[in-house]
Structure formats: C-alpha cells, structure tokens
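Notes follow once the structure below has been shown.
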Amino acid sequence: MKSAKNLIGLTVLGLLITAAVLFWSKGEGIAAEKEPYKIGAVFSITGGASLLGEPEKKTAEMIRDEINKQGGIDGHPLELIIYDDETDPTKCNLAVKKLIKKDEVPVIIGPSTSGTSLAVVGVAEEAQVPLVSCAASYKIVTPVETHKWIFKVAGSDSHVVGKMFDYMKSKKVSKIGIMTVSDGFGASGREELVRLAPEYGITIVADERYGPQDTDLSAQLTKIRSAQPDAVVNWSTGPTQVLAVKNWRDLGMDKIPLYQSHGFGNLKNLELAGKAAEGVILPLARVNVGNLLPDDQPQKKVIMEYTKSYDERYKEPVSSFGGHAWDSMHIAIAALKAVGPDPAKIRDHIENTKDFVGQHGIFKMSPQDHNGLSKDDLEMVVVKDGKWALAK
Amino acid sequence: MGRKNWLIMLGAAIFIGVFPWLVMPFKAVSHYVDVMVFAGIFSLVCIGLSLLMGYAGQISLAQAAFFGIGAYTSGILTSKFGVNPWLAMGGGTVVCATVAWVVGVPSLRLKGHYLAMATLGFGVIVNIIFAEEVNWTGGPSGMIDIPYLRMFGRKITSDLAWYYLVWGIVFLVLIFCFHVLHSRVGRALRAIHEDERAAESVGVPTAGFKVRVFMLSAVLASIAGSLYTHYVTCLNPSSFNLMWSIRFVLMVMVGGMQSLWGALVGTVLMTFVGNEWLQVFAELEILAYGAILLVVALFLPGGIVSIGGFRRKRRQSALEGAGT
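Chains as they are written, first to last, in this note's numbering: chain A, 3 to 394; chain B, -5 to 318.
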C-alpha cells in the first residue's frame, strides 16, 4: 500500500516537472521571434578578485536587460552566458572552452584579471573566437601577430604612468621617490615607472618596496624623504595605499606631494584615509569622475547614463571594473549588430572599432593596437574636502 | 599485479578509450573531454599521493608545490632556454626528486605526521617563490610564451590528442605503480602502514622506504605539472597554492585512500564536481568540500571504491598479488 502511494506521489511530481519544463520552453519560444545572439562572459565573481568580477557581472546583466527591453539587437534577443572562474586560471581555462564548445558563442568578454586572461589567450586564439579581456596587462594583447583574436578594454599601466609623468612635468617635478608593493600590481607599476622615467626627464632618487601585508610604511617614507625628491609615488592596492597616506601625513611630509596609482580610485579609500588624504594626486579613468567632467566632454553622456542606471538598479556607486564590462559588452554588441554572430567577422569589426565612446575612454583599435586607449583617456584627480576634484 | 586489477584496468582503458566518442556528439557535454584532460593530469598527482597516504601512511600538503615545480621547470627550460619539452619534463622530475629528498629525509625520520607539517610550510614557501621571482616565473601576472608539446614532429594542440596522451601516461604510471606495490617494496610499505614499529623490528628500513615513496609521489606530480604547462601554455602561482594541495588530498580521500583505483575515481569525480556540478556553490565550495570530506570520513572511510564490497575484492586481489 505504502509503495503504491509513493508511486502515485512520484508520478504526480514527474508530471508537474514535465509540465513546468514544457511551459518554460514554450514561454521562451514565444518571446524569441528571431534566434538569439549569444555573448559569452567569464568573470572572477568569487575568489581573490571578486571585487572586480562582481560589478562586471552586474553591469553585463544590466546591459543585457536594457538591450532586450529595447527589442534586442535588430530583433534578435541577446543571450548572455556568464561563468564564474573563482579567480582560478584552471577553472577559467575550462570555462572558456565550455563557452566555445558547449555554448558555441561567437564572442567572449572577460576574464577579469591578467592572470586568468593569460591562461585563456591560447584557447581563444586556437579556437579562433574573439575575446575581449577586462584586464590590464599589456602581455594579453602583444605581440599582435600571435594575439590576432584577443583584445582588451582596460588601459595599460604605461598609460597611467605616462599621464602621471606628463602632469609632473607641468608641475616642474624632476626628482621622485617611488614605493611599490611586491605583488603583480605593484611589480607591473614599478616596471613602467622605471622604464618611462628617463623618457620624461624624471629621475628616480629612491626606489622602495614593501609587502602587501605590511602594517607600517614609515621606514620606506623616511628613506625616501632623506633622498629629497620633489614628489612621492605609491603604487599598491588594498590597505597599504591607505597606510601610505596616513604615514606620509604623520611624518609631516606635506611639502612633498604624494601621488597614488589608479588603484586608489575607490571612494572607500577616501573614507578610510579621512582628512589625511587631502591633496593626494592620482590619474583616474573618467568613469570614476563622471559628474566632474565638463558637459562638452564626449564621454560625459554615456558615463552619466551608466552611473545613473547602475545606481538605480544596484544602489551602489559604479567602479572602474564595471566600466570595463560596459566597454567590452558594448563593443561586442556593436559588432553583433553590424556583422551578426560570425566570429571572424566580429573579430575584424572589433579590430576596426574607431572612436567608440566608452566608460574608460574613446577607443581607437587598429591591427597594431588591440587596446585602443592612450594616456589621454585618463584625468588627473586630486582629493579635496574628502572628494575627487579635477587637478589643475 | 593481480588478475582482478588487470580486468579492472582493461575495463577502465576501454571506458577511457570510448569516452570522447560518447560525449562529443552531444554539444551540451562535448567539453567533458577538456575536463577529463585536467582530471587525467590531476590523477597523476593523486596516484602518487595515494601511494604516500594509503600505503606509506603519510600525508603531504605539498603536492601542489611539486606540481608547480615541475610546471615551472618545464616552463622556464622550454621558453627561456629552448630546451626540448620532453627533456624539460625529465629535468622537472630530477629537480622534484631532489627537493623531495631534501625535505623528506629530516621530516620522515620523525614519527607521526611531521611530514604533513613540514610539507605545509614547504608548499607555502614554494608558492611565495613562484609569486616573487618575477624575472624567472613572471610573478603573479603569469608566465607566458610556453611552446606546445611536439610528438613525431607535430604540435599537439587538439583536445582529443591531449586526452589520449594524458590518459595513456596515466595508464603507464598505473601499471608501474601496481608492479611496485606487488613487489617486495609494496609489501614493506603495507607493513609500515599497518605498524611502523613491527615493520622495523622485522628489518624493514622504514625511513628509507618512506623517503623513496615521497620522492616517487613528487616525481609523478612533476610529470603532471609539465603536462599542465604545455596544455595550458601559461602558468600562474595560484594554480599551485595550498588550496590545490588540499584538493588533491581530498580527491584521494573521497576515492579511497588504500586503492590506486580510488585515487583515480576520486580525482575524476572531484574534478567534475569542482568544475561542473558544484559551480553554483562558488565561494562556498570550500564548505561543500568540508562537508564531503566529513561524510566520507564518517560513513565511508574506505572511500567510494569501498562501496559494494569492492574493497573486499581488492584486498583479496592484493593478497593474491602479494602471494605470487
């Protein structure tokens, strides 16, 4: 008797599931008049780089919904397939293979970090599927001959350093002391600072390094002070960049201006550093300072739109990383709109992207440059009354 | 090796042989071939770890570090010095064996789980070296420009070619390990696992055997690392951190510590779980792993292969093997 009851229960359950599946698939069938266009995405939504992947995912989903609300791409609904690589290169590698084989996407956006991006460059190149990375390392897209299918929408560290040095020259700064954190971010920044300084006629009089877990940077700053530079440059992410500001203030080094990397460009850092941060100078992407831009700035419109809709939907401020997702998503959508879901044609279209107005700049891609940004796409920003202000 | 093991191996080989042809026609699972390539690479690490854990009774939390040493040795030798990848693979095994000997000799002379502690520290140190020696390893952003593996004058790039290459090596290693286990060395190892003092009292040089098994496990991890290098053609320190060492131990435990088949089943299963079936857990993956480990340790101490009397059969076949 009992088993009979169970059997009936199971049958009913099975029927319900079948009905649900049928209903679901039917619902989709009505909505999709034309076949959907697919975009594949891999972001580090969890793990060490979740700070990057989380806003990237949110931005990509928001854009998908916006496009579909407007009737899709020429009537084709946009289907976004997102995988989380958990900031693990092996998982990222498998996720990209899955996007190519299982989901058969014609274009991929992401991954979020340089480490995970480099782990999939070979996969996309071999499968001949265009990939638009959201990470910064120049190694992702060079040399272009062997990275034919790879693009990136994040500016390189050389742009950030170049912008900073341009500004320093205008302020008659010729001797600098640098302090960098010993991780991937700091190492890459240090490399560019040291490489580009001679080109701009700048001498590095002190070159200090510290660990990402260090809790006091007075020793490094004292050494730099004794070398008598015109300015100090700190290059790090996380707690150490706030520490640098506090120690710099505590040592009374106000006469020697403190420059930070673009990593400092998070409002959280201003909260944490408080009054000590007044006067700190850094190069920043325009997406972070949309409301400060003059109205005739060509990017102003898209940045303000993005800032507004992101804030409405998620109740949090936009970040540089979400901006990368916005840029890669819209570059992919523009290509799909122009040439349809053909990987080779999409690649050619992205390579010829000219004057694309994005969150991080005005992209000018070419067969020699698969990034399309330059140092002029950044703004010098100074901390004033606990907020960003454009540096004059 | 026993007749039973040969039969299982034949079955496993047939399954592995036809697996791609079963999944490739179906788009939704066609990428399982890629998952299986990684599962095969990880299997090599886990077979070595299974010898160490299940047979010599020692836990190593440095297998990811040896995996990484093999990978980086291959990467550096081939990309910076233009060494033949197969020679570089050999170079990696020599480096790993030497390092394992240096780490193993002092810690394996001690009783208890000193090796686990020593290897924990060692693994962390090695990972820091991978991240800090930027000029050699490319640091945290990764090492690139690693050449493809060549065979018979042709580049191996297709996933199917990799699949058969990796699994071919796995089976060769399995045959080798079964021979080791069913020799005098294997009997000595089992004696050490059962009771180290008793083994010593009958004249088994326990420390020496443990060091050699540790070295063998390091060599297998190194081969796996070299294969990984040329398959992914990019190296990043985070592929070789403590988390991965723990994953390897988990793979062996889930499958069944005292069986090489257990290591294989556990690795394949956990690779699929981690990359396909438990993706939804994401950050909570480590919790899910903890839960799996707890369930296995409490209810299934012999691992998955112990279900359904498999273990009894294996014991029998081991006895047969030992008797011959």
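Just so you know, even glycine gets a beta-carbon here, dropped at the ideal spot from N, CA and C. On a predicted model such as this, the values are computed, not experimentally measured, just so you know.
Which one of A:300, A:166 and A:98 has the shortest CA to CA distance from residue 363 (chain A)?
Position 361 of the first sequence, counted from the start, is the residue given in the question as residue 363 (chain A). Comparing Cα positions, the closest option is A:300.
Mapping DSSP to helix, strand and coil, what is residue 138 (chain A)?
Locating residue 138 (chain A) in the first sequence gives position 136, counting from the first residue. Here residue 138 (chain A) carries a coil assignment [DSSP, helix/strand/coil].
What's the C-alpha gap between residue 33 (chain B) and residue 215 (chain B)?
Counted from its first residue, the second sequence places residue 33 (chain B) at position 39. Counted from its first residue, the second sequence places residue 215 (chain B) at position 221. Taking the straight line from one Cα to the other gives about 13 Å.
For the pair the region 182 to 200 of chain B and the region 36 to 54 of chain A, tell me if three or more CB-CB distances fall below 8 Å.
Counting Cβ pairs under 8 Å, fewer than three are found: no touch.
With 8 Å as the threshold, decide whether the Cβ of residue 32 (chain B) is near any Cβ in chain A.
The sequence position of residue 32 (chain B) within the second sequence is 38, counting from 1. Interface flag for residue 32 (chain B) against chain A is set, since a Cβ pair is found closer than 8 Å.
Does residue 148 (chain B) come out as helix, strand or coil in the three-state DSSP assignment?
In the second sequence, the residue the question calls residue 148 (chain B) occupies position 154. Residue state, collapsed to three classes: strand.
Buried or exposed (CB count within 10 angstroms, at least 16 for buried), residue 28 (chain B):
Here residue 28 (chain B) refers to the residue found at position 34 when the second sequence is read from its first residue. Label assigned to residue 28 (chain B): buried.
Based on the DSSP output, what are the partners of residue 205 (chain A) in its beta bridges?
Position 203 of the first sequence holds residue 205 (chain A). Under DSSP, the beta-bridge partners assigned to residue 205 (chain A) are A:177.
Three or more beta-carbon pairs under 8 Å between the region 6 to 19 of chain B and the region 169 to 188 of chain B, yes or no?
The region 6 to 19 of chain B is not in contact with the region 169 to 188 of chain B.
Report buried or exposed for residue 103 (chain A), applying the criterion of at least 16 other Cβ atoms within 10 angstroms of its Cβ.
Sequence index remark: in the first sequence, residue 103 (chain A) carries index 101 (1-based). By the neighbour-count criterion, in which 16 or more other beta carbons inside 10 Å mark a residue as buried, residue 103 (chain A) falls on the buried side.
Please confirm whether residue 25 (chain B) has its beta-carbon closer than 8 Å to some beta-carbon of chain A.
The residue given as residue 25 (chain B) occupies position 31 in the second sequence. Proximity of residue 25 (chain B) to chain A, defined by a Cβ-Cβ separation below 8 Å, is satisfied.
Own chain residues within Cβ distance below 7 Å of residue 45 (chain B), not counting five before or after:
Stepping through the second sequence from its first residue, residue 45 (chain B) is reached at position 51. If we look at residue 45 (chain B) and ignore the five residues flanking it on each side, its Cβ neighbours are 171, 207, 210 and 211.
Among the candidates A:206, A:240 and A:149, whose CA atom is the shortest distance from the CA of residue 372 (chain A)?
Within the first sequence, the letter at position 370 stands for residue 372 (chain A). When only C-alpha atoms are compared, the closest one is A:149.
According to the neighbour-count rule (16 or more other Cβ atoms, all chains shown, within 10 Å of its Cβ), is residue 354 (chain A) buried or exposed?
Within the first sequence, numbered from 1, the residue matching residue 354 (chain A) stands at position 352. Taking all protein chains in view, the Cβ of residue 354 (chain A) is surrounded by fewer than 16 other Cβ atoms within 10 Å, so the residue is classified as exposed.
Taking only runs that begin and end inside the region 50 to 83 of chain B, name each unbroken alpha helix (DSSP H) of 4 or more residues, in chain order.
As for any alpha helix (DSSP H) of minimum length 4 sitting wholly inside the region 50 to 83 of chain B, the runs are 57 to 75, ordered along the chain.
With a threshold of 8 Å between beta-carbons, can residue 136 (chain B) be considered close to chain A, or not?
Within the second sequence, residue 136 (chain B) is the residue found at index 142, counting from 1. Cβ-Cβ to chain A under 8 Å: yes for residue 136 (chain B).
Got a sec, what are the start and stop residues for the beta strand (DSSP E) residue 381 (chain A) sits in?
For the purposes of this step, residue 381 (chain A) is identified with residue 379 of the first sequence, where counting begins at 1. Boundaries of the beta strand (DSSP E) harbouring residue 381 (chain A): 380 to 386, taken from the DSSP string.
Check the DSSP bridge columns for residue 44 (chain A) and list the partner residues they point to.
Taking the first residue of the first sequence as position 1, residue 44 (chain A) is located at position 42. Looking at the DSSP assignment, residue 44 (chain A) forms a beta bridge with A:85.
I need the boundaries of the beta strand (DSSP E) containing residue -1 (chain B), first residue and last residue.
Translated into positions along the second sequence, residue -1 (chain B) becomes position 5. Element bounds for residue -1 (chain B): not the beta strand (DSSP E) but the alpha helix (DSSP H), -3 to 17.
Contacting residues, own chain, Cβ-Cβ under 8 Å from residue 213 (chain A) (five flanking each side not counted):
Within the first sequence, numbered from 1, the residue matching residue 213 (chain A) stands at position 211. 183 and 184, listed in sequence order.
Just the C-alpha distance for residue 31 (chain A) and residue 336 (chain A), rounded to the nearest angstrom, thanks.
For the purposes of this step, residue 31 (chain A) is taken as the residue at position 29 of the first sequence. For the purposes of this step, residue 336 (chain A) is taken as the residue at position 334 of the first sequence. Residue placement at residue 31 (chain A) is poorly supported in this model, since its pLDDT is 44, which falls under 50; the coordinates still yield a value, given next. Using only the alpha carbons, I get a separation of about 25 Å.
Determine contact between the region 84 to 91 of chain B and the region 231 to 246 of chain B, defined as no fewer than three beta-carbon pairs at a distance below 8 Å.
Contact between the region 84 to 91 of chain B and the region 231 to 246 of chain B is absent, because fewer than three Cβ pairs lie under 8 Å.
Between residue 128 (chain A) and chain B, is any beta-carbon pair separated by less than 8 Å?
Translated into the one-based positions of the first sequence, residue 128 (chain A) becomes position 126. Yes, because at least one Cβ of chain B sits closer than 8 Å to the Cβ of residue 128 (chain A).
Are the C-beta of residue 269 (chain B) and some C-beta of chain A separated by less than 8 Å?
Residue mapping note: residue 269 (chain B) aligns to position 275 of the second sequence, counting from 1. Chain A, which has a Cβ nearer than 8 Å to the Cβ of residue 269 (chain B), makes this yes.
Could you list which residues in chain B have their beta carbon closer than 7 Å to that of residue 95 (chain A), in chain order?
Locating residue 95 (chain A) in the first sequence gives position 93, where the first residue counts as 1. Those are 226, listed as they occur along chain B.
Give me, in chain order, the residues of the same chain whose beta-carbon lies closer than 7 Å to that of residue 84 (chain A); leave out the 5 immediate sequence neighbours on both sides.
Start at 1 with the first residue of the first sequence, and residue 84 (chain A) comes out as number 82. Non-local beta-carbon contacts of residue 84 (chain A) in its own chain, meaning distances under 7 Å to residues more than five positions away in sequence, involve 43, 45, 59 and 62 in chain order.
Against chain A, does residue 37 (chain B) count as a neighbour if the rule is that its beta carbon must be under 8 Å from one of theirs?
To locate residue 37 (chain B), count along the second sequence from 1; it is residue 43. No, residue 37 (chain B) lies away from the interface with chain A (no Cβ there is under 8 Å from its Cβ).
Mapping the DSSP letters down to three states, classify residue 365 (chain A) as helix, strand or coil.
Numbered from its first residue, the first sequence carries residue 365 (chain A) at position 363. In the three-state reduction of the DSSP assignment, residue 365 (chain A) falls in the strand class.
State yes or no: is the beta carbon of residue 126 (chain B) nearer than 8 Å to at least one beta carbon in chain A?
Counted from its first residue, the second sequence places residue 126 (chain B) at position 132. Taking 8 Å as the threshold, the shortest C-beta distance from residue 126 (chain B) to chain A falls below it.
Measuring only between beta-carbons, confirm whether residue 120 (chain A) sits less than 8 Å from chain B.
The count along the first sequence starts at 1 and reaches residue 120 (chain A) at position 118. Yes, residue 120 (chain A) counts as interfacial toward chain B.
Could you check which residue in B:169, B:31 and B:-3 has the C-alpha nearest to that of residue 266 (chain B)?
Residue mapping note: residue 266 (chain B) aligns to position 272 of the second sequence, counting from 1. When each option's Cα is compared against that of residue 266 (chain B), the closest is B:31.
For the beta strand (DSSP E) containing residue 285 (chain A), name the first residue and the last one.
Indexing the first sequence from 1 puts residue 285 (chain A) at position 283. Counting along the chain, the beta strand (DSSP E) containing residue 285 (chain A) begins and ends at 283 to 287.
Just to confirm, are residue 123 (chain A) and residue 110 (chain A) a CB contact at a threshold of 8 Å?
Taking the first sequence and counting its residues from 1, one reaches residue 123 (chain A) at position 121. Taking the first sequence and counting its residues from 1, one reaches residue 110 (chain A) at position 108. For residue 123 (chain A) and residue 110 (chain A), no; Cβs fall outside 8 Å.
Could you tell me whether the region 196 to 211 of chain A touches the region 113 to 128 of chain A, using the rule of 3 or more Cβ pairs below 8 Å?
No, because fewer than three Cβ pairs between the region 196 to 211 of chain A and the region 113 to 128 of chain A fall closer than 8 Å, the two stretches do not touch.
Residue 382 (chain A) CB to nearest chain B CB: under 8 Å?
Your numbering for residue 382 (chain A) matches position 380 in the first sequence. So, not an interface residue.
With H, G and I counted as helix, E and B as strand and the rest as coil, what does DSSP make of residue 20 (chain B)?
Counting from 1 along the second sequence, the entry for residue 20 (chain B) is found at position 26. If DSSP states are grouped into helix, strand and coil, residue 20 (chain B) belongs with coil.
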